[in-house]
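All residue numbers for the sequence shown refer to full-length UniProt numbering, where the first residue is 1 and numbers rise by one.
Just so it is clear, CB atoms sit at the ideal spot from N, CA and C, and this is done for glycine as well.
Treat the numbers as computed from the prediction; the structure is a model and nothing was measured.
To start, the structure itself, in structure tokens.
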Amino acid sequence: MTETLPPRELRTLFLFESLDDGQLSALSSAGRVETRAAGTLVYGEGEPATCFFVLLSGTVAMSRRVQGDEVEVSRTSQRGVYGGATQAYISGEQHQLYLNSLRAVTDAEFFVLPAEVIAECVREWFPMAMHLLEGLFIGMRATQTVVGERERLLALGSLSAGLTHELNNPAAAAVRATSALRGRVAGMRQKLAMIADGRLDGSQLHDLVELQEDAVKRAASAPELSPLARSDAEDAIADWLDDHDIVGGWDLAATLVAGGVDVEWLDQIAGAVGEENREPAVRWLTYTIDTELLMGEIDDAVNRISSLVGAAKQYSQLDRAPYQTVDVHDLLDATLTMLHGKIPQGVRTVKEYDRSLPPIPAYAAELNQVWTNLIDNALCAMDGEGTLTIRTWRKDGHLIAEIGDTGPGIPPEVRPRIFEPFFTTKPVGEGTGLGLDISYRIVVNKHHGDIRVESTPGDTRFRVVLPITQAPRDDGR
Ligand SMILES: Nc1ncnc2c1ncn2[C@@H]1O[C@H](COP(=O)(O)OP(=O)(O)OP(=O)(O)O)[C@@H](O)[C@H]1O
Ligand SMILES: [Mg+2]
1 MTETLPPREL RTLFLFESLD DGQLSALSSA GRVETRAAGT LVYGEGEPAT
51 CFFVLLSGTV AMSRRVQGDE VEVSRTSQRG VYGGATQAYI SGEQHQLYLN
101 SLRAVTDAEF FVLPAEVIAE CVREWFPMAM HLLEGLFIGM RATQTVVGER
151 ERLLALGSLS AGLTHELNNP AAAAVRATSA LRGRVAGMRQ KLAMIADGRL
201 DGSQLHDLVE LQEDAVKRAA SAPELSPLAR SDAEDAIADW LDDHDIVGGW
251 DLAATLVAGG VDVEWLDQIA GAVGEENREP AVRWLTYTID TELLMGEIDD
301 AVNRISSLVG AAKQYSQLDR APYQTVDVHD LLDATLTMLH GKIPQGVRTV
351 KEYDRSLPPI PAYAAELNQV WTNLIDNALC AMDGEGTLTI RTWRKDGHLI
401 AEIGDTGPGI PPEVRPRIFE PFFTTKPVGE GTGLGLDISY RIVVNKHHGD
451 IRVESTPGDT RFRVVLPITQ APRDDGR
């Protein structure tokens with residue numbers, strides 16, 4: 001039951017009051033009058049914005065979804081108010097969606113124009129206003145993007161603050177172990193002087209050096225003991241030391257056990273050096289083991305430092321070409337290392353990599369941003385508890401990298417909007433809503449790939465699909 005609205009009626013609506021007769025009759029023939037029953041939806045937020053509505057009679061309520069709740073923003077029966085495809089005239093904005101929902105509170109009557117018509121009319125009739133509006137619109141968006149990027153940089157800053165913190169632990173451990181090592185080496189020199197004071201003959205010294213070699217090997221391969229087994233082993237050694245009149249046995253026992261030494265081995269030493277050299281020999285070998293353990297600690301700490309620095313370099317790609325052939329697993333690992341401090345204790349990380357995948361051409365630093373955004377979202381969703389799964393596999397000439405989490409999932413009503421810029425369900429100040437928008441642009445526009453998402457409560461997977469062979473290059477924007 002549609003009818004048209006004559007030009008003179010149109011002129012009574014404030015929106016159209018300054019149009020000339022020709023313009024009014026154009027609108028009149030393009031539009032139609034429609035009625036909606038009380039309680040029905042006129043248009044819904046997030047649906048394709050195909051129509052422009054002007055209220056003729058009745059009462060309507062406009063609402064927006066805020067973090068999953070429908071919030072009424074206005075209610076009116078003022079003739080002439082409008083809604084729907086209100087931004088249709090902004091150029092370059094295909095596939096616009098309704099930004100809010102409109103519901104008829106009472107039976108209501110509308111003048112309805114197709115979005116293309118209102119877009120065309122505004123562009124043609126008000127070219128100068130169009131320029132100004134576009135400037136305003138694009139300017140606002142650019143400002144928001146700059147603000148977003150600035151926030152991203154700040155996030156990178158907090159990432160590197162995290163890295164500094166991570167570096168601190170192994171660095172402090174290395175410093176501590178080095179200074180202890182200096183003390184032990186000095187102690188060894190003194191004991192060596194005592195042993196070599198002419199009281200040991202050549203063959204005894206030879207045996208001792210052999211035992212020392214053995215001690216080094218034991219220290220390197222000493223098994224990790226349970227607390228109970230360790231305390232039993234320490235008891236046995238302390239008793240042996242006591243029986244052989246070596247004082248302060250308890251201090252030595254802990255080191256000897258950590259170095260994998262047992263009572264039989266101590267008997268061998270005693271046999272090799274004779275009674276009067278027994279104590280200096282045991283102490284000397286204890287120093288050997290201690291030194292070995294400390295060097296192991298330093299080795300671990302230094303390796304950890306260099307792997308962190310390596311990850312930071314890999315992550316930032318500062319000294320690399322922006323577009324190059326990379327192993328995606330290196331990127332994923334570097335990102336995980338960089339995010340290590342942000343991964344809570346209660347979150348288990350599982351990696352299932354298909355290592356047979358070849359290196360692929362990519363903008364590595366930007367892909368790292370994608371992994372960071374997806375992992376960050378997964379961690380937020382899990383809120384401290386769950387499993388983060390990173391998988392890769394090959395499918396039809398593509399590499400697939402999947403970030404999975406065991407969080408509550410993405411509600412179906414939120415799902416269509418997650419890739420929109422500035423869409424976030426996080427509290428103000430926590431999310432900018434740009435993470436997925438940026439990721440989408442990096443994967444789809446720059447790599448000619450795709451991001452897909454599957455989500456049920458307890459199982460959300462973001463799948464990044466990347467071509468394995470080089471795609472035709474363009475400017476990537
Ligand atoms: N793994 C996930 N589980 C549940 N919801 C998710 C997940 N990833 C994204 N979302 C939803 O998508 C929305 C948009 O994500 P996006 O990364 O674009 O922005 P954000 O995380 O809210 O903010 P930002 O990333 O800018 O800090 C999130 O607010 C959240 O509602
Ligand atoms: Mg995010």
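{"query": "Apart from the five residues just before and just after residue 263, which ones in its own chain have a Cβ nearer than 7 angstroms to its Cβ?", "result": "236, 237, 240"}
{"query": "Check for me: the alpha helix (DSSP H) holding residue 304 runs from which residue to which?", "result": "278-316"}
{"query": "From the DSSP output, in three-state form, read off residue 43 for me.", "result": "strand"}
{"query": "When the Cα atoms are used, what is the spatial distance from residue 16 to residue 446?", "result": "44 angstroms"}
{"query": "Under the rule that 16 or more other beta-carbon atoms within 10 Å means buried, what is residue 191, buried or exposed?", "result": "buried"}
{"query": "Taking only heavy atoms of ligand 2 into account, decide whether any of them is closer than 7 angstroms to the Cβ of residue 435.", "result": "yes"}
{"query": "Could you round the C-beta distance between residue 216 and residue 292 to whole angstroms and report it? I think they count as a contact, below 8 angstroms.", "result": "5 angstroms"}
{"query": "Which ranges does the alpha helix (DSSP H) cover as unbroken runs of at least 4 residues, wholly within the stretch 239-282, from first to last along the chain?", "result": "249-258, 263-273"}
{"query": "Using a Cβ-based criterion (distance less than 7 angstroms to any ligand heavy atom), does residue 377 qualify as near ligand 2?", "result": "yes"}
{"query": "Check whether the Cβ atoms of residue 109 and residue 39 lie closer than 8 angstroms to each other.", "result": "no"}
{"query": "Can you tell me the Cα-Cα spacing of residue 175 and residue 71, whole angstroms?", "result": "59 angstroms"}
{"query": "Just to check, is the beta-carbon of residue 349 closer than 7 angstroms to a non-hydrogen atom of ligand 1?", "result": "no"}
{"query": "Under the three-state reduction of DSSP, which class applies to residue 536: helix, strand or coil?", "result": "Outside the displayed range of the chain (1 to 477) lies residue 536, so it cannot be described from this structure."}
{"query": "What residues in its chain sit with their C-beta under 7 angstroms from that of residue 54, if we drop five residues either side in the sequence?", "result": "13, 15, 80, 82, 110, 111"}
{"query": "What would DSSP say about residue 87, mapped onto helix, strand or coil?", "result": "coil"}
{"query": "Taking the straight line between their C-alpha atoms, what separation do you get for residue 419 and residue 51?", "result": "24 angstroms"}
{"query": "Going straight from the alpha carbon of residue 511 to that of residue 273, what length do you get?", "result": "This structure gives no information on residue 511, because the portion of the chain shown stretches from 1 to 477."}
{"query": "Report the CB separation of residue 100 from residue 47 in whole angstroms; it is logged as a contact under 8 angstroms.", "result": "About 11 angstroms separates the two Cβ atoms, so there is no contact after all."}
{"query": "Three Cβ pairs or more, each shorter than 8 angstroms: is that satisfied between the stretch 206-216 and the stretch 307-317?", "result": "no"}
{"query": "How would you write the range of the alpha helix (DSSP H) that residue 219 sits in, first residue to last?", "result": "202-221"}
{"query": "Where residue 103 and residue 395 are concerned, what is the direct C-alpha to C-alpha distance, given to the nearest angstrom?", "result": "46 angstroms"}
{"query": "Once the 5 residues before and after residue 316 are set aside, which same chain residues still bring their CB inside 7 angstroms of it?", "result": "365"}
{"query": "Counting along the chain, where does the alpha helix (DSSP H) carrying residue 30 start and finish?", "result": "21-30"}
{"query": "Can you tell me whether residue 390 sits near ligand 1, meaning its C-beta is under 7 angstroms from at least one heavy atom of the ligand?", "result": "no"}
{"query": "At the level of alpha carbons, what is the spacing between residue 468 and residue 397?", "result": "6 angstroms"}
{"query": "May I ask you to list the residues that DSSP assigns as paired with residue 393?", "result": "400"}
{"query": "Output needed for residue 437: all residues of its chain with C-beta closer than 7 angstroms, excluding positions within five of it in sequence on either side, in chain order.", "result": "419, 420, 421"}
{"query": "Pick helix, strand or coil for residue 97, following the three-state DSSP scheme.", "result": "strand"}
{"query": "On the CB-based measure, 16 or more other CB atoms within 10 Å of its CB, does residue 126 come out buried or exposed?", "result": "exposed"}
{"query": "If we ignore side chains and look at the alpha-carbon of each, how far apart do residue 256 and residue 302 end up?", "result": "25 angstroms"}
{"query": "On a Cα-Cα basis, can you pick out the residue from 442, 343, 90, 454 that is closest to residue 323?", "result": "442"}
{"query": "Looking at ligand 2, does it come within less than 7 angstroms of residue 373, judged from the CB to the closest heavy atom?", "result": "yes"}
{"query": "Examine the Cβ distances between the stretch 279-294 and the stretch 332-339 and report whether three or more of them are shorter than 8 angstroms.", "result": "no"}
{"query": "Distance check for residue 220 and residue 412, CA to CA, integer angstroms please.", "result": "56 angstroms"}
{"query": "Compute every distance between the C-beta of residue 446 and the non-hydrogen atoms of ligand 1, then say whether any falls below 7 angstroms.", "result": "no"}
{"query": "Please list, in chain order, all residues of the same chain as residue 180 whose beta carbon is under 7 angstroms from its beta carbon, the five residues on each side excluded.", "result": "294"}
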